[in-house]
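Numbering (the UniProt record's numbering), first residue to last: 1 to 143.
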Amino acid sequence: MSNLKLKSGDEVILEISSKVANKFNLFLALQRQLGFDMDVDDVFPVRKYRSSILRKAIEWMEHHVDDPPEVAHDLPVSLLSMNEWDNRFVDVDRDVLFDLLNVASFFNLNGLRNLVIDALANSIKGKTVVEICEILNNRGPVI
Numbered sequence: 001m002s003n004l005k006l007k008s009g010d011e012v013i014l015e016i017s018s019k020v021a022n023k024f025n026l027f028l029a030l031q032r033q034l035g036f037d038m039d040v041d042d043v044f045p046v047r048k049y050r051s052s053i054l055r056k057a058i059e060w061m062e063h064h065v066d067d068p069p070e071v072a073h074d075l076p077v078s079l080l081s082m083n084e085w086d087n088r089f090v091d092v093d094r095d096v097l098f099d100l101l102n103v104a105s106f107f108n109l110n111g112l113r114n115l116v117i118d119a120l121a122n123s124i125k126g127k128t129v130v131e132i133c134e135i136l137n138n139r140g141p142v143i
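Structure follows, in structure tokens:
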């Protein structure tokens, strides 16, 4: 089977191995999101996302491609012990985390989505409502 090719919003073609694409059901996710069938040799347009964010998601998939299905797909991070690699992976600014969350939702990468949500939750743990609103770029409550 051919590798999966994605075209990012900044016009960069990224290639994902067929092993990774099959493990994470990327062909199916793309067909659902784009609303039409494409040949596996086509380049799938994913214009909503920059190549840097897609590369980061691909990095996560490649690292977890040999994990058991429950780790890569379903279990919440809180039920798993986050390893050093995952801790470093989510040690990025919040904008990158939010972009990764969107990509994880687009491709239905539950393991990545759970990891990012856990990192975001940890970043607001112990904060006041006003601080959380500032973090999330909201105006906050009217006091």
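Glycine included, C-beta positions come from ideal geometry on N, C-alpha and C. Please read all numbers here as calculations on a predicted model, not as lab measurements.
Comparing C-alpha distances from ASP95 to each of ARG50, LEU4, SER2 and PHE24 shows the shortest one belongs to ARG50.
For PHE107, the closest C-alpha among the options GLY126, VAL90, PHE27 and ALA121 is that of PHE27. Around the Cβ of GLY126, a 10 Å sphere holds fewer than 16 other Cβ atoms; the residue is exposed. By the neighbour-count criterion, in which a residue is buried when 16 or more other Cβ atoms sit within 10 angstroms of its Cβ, VAL90 is buried. In terms of CA proximity to ASP86, GLU59 leads the group THR128, ASN102 and GLU59.
In its chain, beyond the 5 residues on either side, VAL103 have a beta carbon closer than 6 angstroms to the beta carbon of ALA57.
LYS7 is bridged by DSSP to ILE13 and PRO45.
The three-state secondary structure of LEU101, taken from DSSP, is helix.
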